[in-house]
Structures are given as structure tokens and as C-alpha cells.
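Only one structure is covered here, and it is reproduced in the block below.
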């Protein structure tokens, strides 16, 4: 107590000395004035007039006991205006409504000394205001009847602060929450302390964590409010990775220190909870929101808006706001917090003046799990019963009512002038103003007149318009306030570069398009405005190929493009703004030239030659044809096919270009296949090209030699005993269907009797007499003739030649043979006539029967055929043919090429196909029948396991010329033909019974169709026991089908 008394006395002395200095200064001024001339006196009078009602200031430390503040006449410089005598007549009084015992100040009526009447507590008088002043008016008047001198001074006493308050937190404890995945430097706002002291030094100077935590650090940010006060944003931030499973709760304390000596401190216990979440919680822009409202504010008006930011995205960053559940009901009745963050007045604030409402607002994100943070909101309700200040805004430069300022304006540039008027007087008429926008500030020009200046750099692209709330309040108690809005429009400066929507553009245009074809568009934007944002496009290179629309950025072609010559173009485009100076941006454009089907496929070779062995398996790939196409995609994908095949070939080409065996390859049928292959791409329209393919068939030794002579018909030869040695006695005739070495024959003989009388030429087959015939050599010899080819493996065939060595001469032997031949011919003719007559008689009888039973017989045969085809044969695609053998039913064949009819011999057999949905041309049917007959007879074995030696005729039917040839061939050739036809028939029956018919679908795929089959036969075929009755053989049902792998005839005859 004694120290405080001494300290107050010391300060009082300081105040008195300050007053004495001012008095001395005033005295010096008076002396100088006294020695001046008359104009100087006039100036003094003018000064005295101006000092009327001036403000007098005194300073006093708080907690100072009642003490002298100063002398009014000295502070007012009255000693320079009035003489000492007149000064002595002045009387002083405090003009105050409550100037009674509770008055703060007292003035000596005679001397004008102003003193305090009580100890002043700054916090009680002014709270936490930065400047604490107490005002009073002192009036003085001369007591002399001769003088009417009067003055009134406004005295302002500034109460200076001392460090008598410690920092205090509004909460007893605080809980901070962090996610365990919180990134480094993630903050969490902490409550700040409040120090009731006013002097900046005695307010809070720093914050600290005690004890310190290794995982957390304290972040303290100082901000200066528009009122000039320093505000702290204190947050707890993460400095080390968190692991909830290791430690989920941390305990520390937030300590606030002021600047006193020694410093005072306030402590807030803090508990840090680590949540097992992956999201960031909302963070309010401010730790404390404060708003002052009048009790006349309308219901539904927005009091203020809180805003929190969440570092997450999507729903995790969508923040909704609500009032904390702990808020008292009386606060909930007055205010409501919308989900958007607007705090609105819910009910009337009348009769609430002078109260301060404090509540917490919670911000929650929409993540899972949900995170929240809160902030404190303080709303002061003012008691507004006097007149409000009136604000007049005068922008220096305006447009449509808004002040216009360039974004390049320097700090301190004047935006608008404010004139505030208040019809009240005294403190109620003294107005102070402030702004809510930190980018602008107010500077006082004179009493109730201000200027709005730029306080921070402006950026039109971030905010082109600013709404500045000007808040003015008077000095009444309670103070009344007025708000006005100042709209500030930031005019643009060319401070931004154009920006392309992408640094790289990829475009596509087809080749061969018309000149002027649009390729694409580049777009750029400029954050500036007006001419500063109007862009012009240009191109750096490729001007000979492309051009760009300077206004729209569209890129067009200037010539025809060829993808094969150049598939990609890369060039730069520029965007220029029209500001001063202009700015430029650049982007890269890559144009891919799209393909069109403008190129034909090109074969790697004009002619492809392949060699294959005959009898190669079906499906074997023997080679490939290859064509390339310079286009792309489907335009370059090539498929292959044979162009108009002249006939059915056993080789083909699939779509991929593989040359594949598709049927039986027989060298004897064809040794070379020559066809044209086309390569066609899949473009639209398709392009194609052709190449020649030659497939050479390599012979395989698959045929036995065939011995024509000696034969069953000519098994013997007779020679005379006097035939000289070396004479040719017989010529062995043989042939082989193979070629080359496989078809080269070698001959040898083996005499069963063991005689060496005969020799044979290995290469020609000529049998000669090797030695002189002796008498005991006249006998019968069995000579086994062996004919073998030179293939691998070697094939051979044997035949028996009967050689008779007789005593007769050759001429006599020839006469005997002639006689035998004539006898045979006569007998044959007689038998033929008898048989012909018998056949005619039977045909007549049969004609009579057929008239009555033809219809019945046709139905029976139809049902029999249908019942037979109901089985697997029907599914496999059997064909049915009718065989006619009678002379009366001969069929005339029509040849489209010769334009004439072809009549078959009497003993021919005609296979007529019944109606079928599949028909072949006559020429294709004949060729198919010829190949089928040859293959089946060449490949089938007889009953003893030997291959048949039958060599089929080159074609099954000929026309009139062929009939004449047959007639000229003589009786022996007719018998040979009949005999051969029967062998063919037997072999065909055996092949049909022994083979399993392939599926019908395969037959269709091989392109087989129903066709007529012509075959030769003889009357040696066996009947059903009626002795060659025409009735028994007139109609025969034959089921035919094409075999798989080779053109075999049907395997079954019914």
C-alpha cells in the first residue's frame, strides 16, 4: 500500500512538472507576443477566439488516489489573453449533470485547479477499451460586473493503465481433437485468454504449452484489428506423425503471459484426443466472432456469418453449422444458426440492451465419421434510445453508385470520404467509425469526417467488388450506431497472363479432307477484364498446313493431308491479350492425321509357288500369302479369298492368308493348281489387289503298276520251235498312274518250269527268245511276268503268260486262231439275237402290266424311300437315283456346249436324280462323277486285299461321236468295257458298304450338289433269280452321298 501511494505521488509530480513546462511555454509565448506589433495582437485575439470550446487533456494513472490533475487557465493559455487582474476575477465550475458527491472531478472555483475526488479504476470505467477517457466540461466566467468574459472547455482525462489484471481464459478446460492421419502442421484452434488491462505492454504478449509435447507445437499468429488492437490466433499444430493405437490422449496446458514485470499468467488445461479417422475437421476462420447489434435490429436479419474451412473434399468438406447443444435456452430464443453459417435474429431484441450473449457455434463436416469444431460468438446488444449518427458517403470516383479504385492502387489511396453527423450534443454527438473490411481502413480528417483508404493490395481477379460495412457509433451511454454499405468496384489492370485450358492439345483430322476442314479449337482465358481479357490467337509454325481463327481459336487445314506421308503435326499456338503492355501465353497442339482407306493392299510377291505331296492330310497349311496395307486399323486389316475358282480344288485360301488343303490331293488328277488370290482390306469402300498362286503337287507312289497284256482275255502266246534266238515273241504292256520315278517301270520274268529259254528287256518289257529251241523244248511254259515301279516304297504287279512252243508254223497258227475267232463271233451273234427277241417279248408283257400297276408301284417305291430316309441317311443328306437299263427307256442327254443331244449305248446305265433342292450344272456333275469314280476305284481294295487294277475311262459319257467310236471298237472292246464296268460297280458297292458316310453338313460345305451319274454296265449283272428279267432291273433305288476328304460316291446302294 505504501509503495502504491509513493508511485501515485511520483506520477502526480510528473503531471505537475508537465503542467509547469506548458505554463512556461505559454509565458514565453506571451512575452514574444507583447513585443510584437499590432497585427500580432490581432492574431492573438483571433487565437483566443479559436480556443473557445477547445479540448483540454490531462493524464492520470489508474489506481491513483484523489490528486491534482492540472490548472485550467494555464492549460487553456488564458494568461496570454487576459491580464492578471482579470484572471483573478474568473470563477470556475464543473458543468456536469451528476456533479454531486458522486462526481469524479472537482475544480477549485477560484484558482481553476482540477482534481480527482476518488481513486480511478480504469477497468471499471472503460473495461478493456484501448483508450480510456473520462470527460467533463469546465465553464469559467468573470465575476467582474464590467466584464462578460465566458469560456467553456471540454476536459478529457486519459486514465493510463497499470498491470493489475492477469490473463484469464473463459473456459475451465479445453479438449482438442486430432485425427491420427492428421498431416504435419495441421492446426486446431485453441481458446485465447483475455487481459482486462488496456496498455499494450500489459496485455497478453505470448502463449506457451506447459509441459511441451513432442507431437505438437503451438502456433501463435498476431493480427491487428481495425481498432488497432492486437488479436491472437492460437492453434495447436501437429509436428510429428500421430498413432492413436500408441497413444490416444495427451495432456498439457496453454499458458498466456502478459508483458508486466514480473509477467502475469493464465493457464488453461488442454486435453488432446486422437481420433481414429482419416478426415480433416472444419476449421473456423476466426477463433472468436464478435458482433454488436442494436436492440432495434429487426427479426430475421443476419447478425453475422461464421465460416469454417475443411481441407477434405466432397461430402467430407461440406460443412454445416449449428448451435452447440450446451447453449442455454435464453440464447436459443434470441438467435438461430442456419446450416449455411448465417446467424440470424430469431426474436425481438427489445429490452435486451446492454447485454452480451455468448454461445458456441459448431461446424460439422459430412464425412464418416463426422468431425466437428466450434467457435465462440459474442453478440453485444446496445441500448439505443438517443439519435443515431447519420453517414454520408462520397466516393471520389464512382460508377453506378459504387466507388471505383484500380487494382494497382497503392496502399493509402483514398477511395471515398465520409461525413458523419449526429444531432445529439456532447458525448452523444461524438462519433467514432470503423470498417469490417480489412482491405480498407478509415483515417480521420477532422471531427466527424473521415476518409476511406486502401489498406491492403487489391486483386480484381480474386474479388472484383468489395462490400465495406461502415459502422459508426456515438459516445452516448448506451451508444447508438449506424451502418452503411460502401460498394467498391476494383477496376482492372493488365496484371494477369492469358492461360490456355490445356498446355497440350491433341486433335485428329482425317487425311484427304477438303481444304478448310476444322481440326479443333484451342481456348484460353484471361482473369483480367475488358480489353485486358480480350484474346487474339496466332500460330508460330505450320502456317503452310494449318491456320487459326484469331478470334475463336478454331484451327483449319490449308492443304490436303496425307497420313502416309506425315501422320503427326506438332506446332505452337499463342494467345495475346489486348492490354497495355500485352501478355502472351503459348500451348502445344498435336494433330494426328486419321487414316482413310486410300491405299490398296500390296502382296509381298506377285506370284507364290508352293509344293505339296499328294495325299496330304486335309487342313494342313502348306504356306501363306501375305499382303500389306499402308493404312491403319480396319483399313489395314487384310482378308484373302480366291477369285472366281474355275473348278472345285482341293486347296484353298482362308481369310488369314493361309493356303490350306481342303480336299484329297491327287497328283494323277492334277499336278498343278493355278489360281488367283485377292487381298481385300476391311475399309469402306474396300480396296483389293490380286496375286497368282501356283501349287505344284509332288507325286507319291500310291498306285501299283497295271498290266494290260498279258491279261485274262489274252493270257497266252504260241511260237514255233524254229523261231530263231533273239526273236521278239511277246510285248508286255503295263502302265502306272504315278509319274517320274514312281511311274518308271521295270520288267522281269520267272519261268515256272525253270527254263531259261526266255528273256525280257527290263525297260521295254519285250520278251525274246533267249536260246535255240530244241525238240525237247516243245512244250507249255508258265511265265510269271513281274512289273515294278521305281518309287519308294516300291510297288509291283504280277501276271501269268502262257507260252506254247509248237511244231506248227506261225501262219498255220494264225489260220487256226482266225477260225476260232470266226466261230466265236457267230455263236455270239446268235445268242445276241435270241436274247434280243426274249427281251422284246418280256418288254411287251411288262408294258401291259405297267399300265395297271405303275401308279401303285410308284407309291410303294416312294414310301419305301421315305422310310429308308427316316434314319441317319436322311440326316446325312443321302440322294436317291433311279437306274434305267432297258433300251426303251434310253435317255437323251443334252450337252449345253455342243447344243446337241447325246444318246447312250443300249447297254448303258442312266442314274436319274430324283427332285432335290440342290442341283449342279451338267458339266460339274459329270466332272464330279468322273473324279469320284476314279478315287473310289483307285483307293478301294478287293476281297483278297489287293488294289484294283481297273483304270477308269476318262469320262463316263460321250455324245454321238463317242457312240460311233464304241461301235468301231469291235466286239472285244465292248466286252472289255462291260467287264470293266462290272468291276467298277463291284468296287463301288464294296466302298459304300465299308465306309462311314460323313455328316451332311460337311458334304454341303464342300460344295457337293445333286447330280446325274452316268455309268456303263453289262448284262452280266446278277438279277434276283429270274434270269435277266427286264422287270427285275428296270428300277433300282440308289442312295448317293459325297464323301469327306475326296469325291467318293455314296457308300450305300439300296
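Residue numbers (full-length UniProt numbering): 1 to 1054.
Idealized CB from N, CA, C, for every residue including glycine.
- Contact between the region 762–772 and the region 718–727 is present, with at least three C-beta pairs closer than 8 Å.
- For residue 685, no beta strand (DSSP E) run applies, since DSSP gives it neither H nor E.
- Looking at the DSSP output, residue 807 sits in no beta bridge, so it has no partner there.
- In this structure residue 116 touches residue 104 by the C-beta definition: roughly 6 Å separates them, less than 8 Å.
- Setting aside the 5 residues that flank it on each side, residue 645 is surrounded in the same chain by 675, each with a C-beta closer than 7 Å to its C-beta; the list follows chain order.
- Residue 377 is a Cβ neighbour of residue 306, given a cutoff of 8 Å.
- Within the region 88–133, the runs of beta strand (DSSP E) at least 3 residues long that lie entirely inside it are, in chain order, 90–95, 105–107 and 113–116.
- The beta carbon of residue 382 lies closer than 8 Å to those of 292, 293, 294, 295, 353, 354, 473, 478, 479, 480 and 481 in the same chain, with the five residues before and after it left out.
- If you look at residue 739, you'll find it isn't in any beta strand (DSSP E); DSSP assigns it neither H nor E.
- Using a 10 angstroms sphere on the CB of residue 214, the tally of other CB atoms stays under 16, which defines it as exposed.
- Note on residue 535: 16 or more other CB atoms within 10 angstroms of its CB, so buried under the neighbour-count rule.
- Pairing residue 801 with residue 730 gives a Cβ-Cβ distance under 8 Å.
- CA-CA distance, residue 698 to residue 656, rounds to 25 Å.
- In chain order, 614, 697 and 699 place their CB closer than 6 Å to the CB of residue 667, counting only its own chain and leaving out the 5 sequence neighbours on each side.
- Of the residues assessed, residue 780 falls on the exposed side of the cut-off, its CB having fewer than 16 other CB atoms within 10 angstroms.
- The beta carbons of residue 118 and residue 266 sit no closer together than 8 Å.
- A Cβ-Cβ separation of about 6 Å places residue 243 in contact with residue 180 under the 8 Å criterion.
- The continuous alpha helix (DSSP H) containing residue 75 extends over residues 72–75.
- With a cut-off of 8 Å on Cβ pairs, the region 587–606 is not in contact with the region 615–624, counting fewer than three such pairs.
- Per the Cβ contact rule, the region 307–323 is not in contact with the region 402–416 (fewer than 3 Cβ pairs under 8 Å).
- Residue 516 sits away from residue 505, with the two beta carbons spaced by 8 Å or more.
- Burial of residue 132 is indicated by the presence of at least 16 other C-beta atoms within 10 angstroms of its C-beta.
- Ranking 450, 714 and 138 by CA distance to the CA of residue 108 puts 138 first.
- Three or more beta-carbon pairs drawn from the region 487–500 and the region 451–471 are found closer than 8 Å, and the two stretches are therefore classed as touching.
- Residue 333 holds the alpha-carbon nearest to the alpha-carbon of residue 348 among 333, 304 and 67.
- Burial state of residue 57 is exposed, judged by a 10 Å Cβ sphere holding fewer than 16 other Cβ atoms.
- As computed with DSSP, residue 571 is found in a beta bridge with 589.
- 466 is the residue among 571, 466 and 312 whose C-alpha sits nearest the C-alpha of residue 440.
- Annotation note: the UniProt domain "Cadherin" (285–397) contains the following uninterrupted alpha helix (DSSP H) runs of length 4 or greater, listed N- to C-terminal: 329–334.
- Counting every other CB atom within 10 Å of its CB across the protein chains shown gives residue 544 a total below 16, marking it as exposed.
- Under DSSP, residue 517 forms no beta bridge with any residue.
- The beta-carbon separation of residue 587 and residue 690, rounded to 48 Å, does not stay under the 8 Å limit for a contact.
- Membership of residue 60 in the beta strand (DSSP E) is indicated by the continuous run 55–61.
- The C-alpha of residue 316 is placed about 8 Å away from the C-alpha of residue 368.
- For the pair residue 187 and residue 268, the CB atoms are not nearer than the 8 Å cut-off.
- About 12 Å separates the Cβ atoms of residue 416 and residue 489, ruling out a contact at the 8 Å cut-off.
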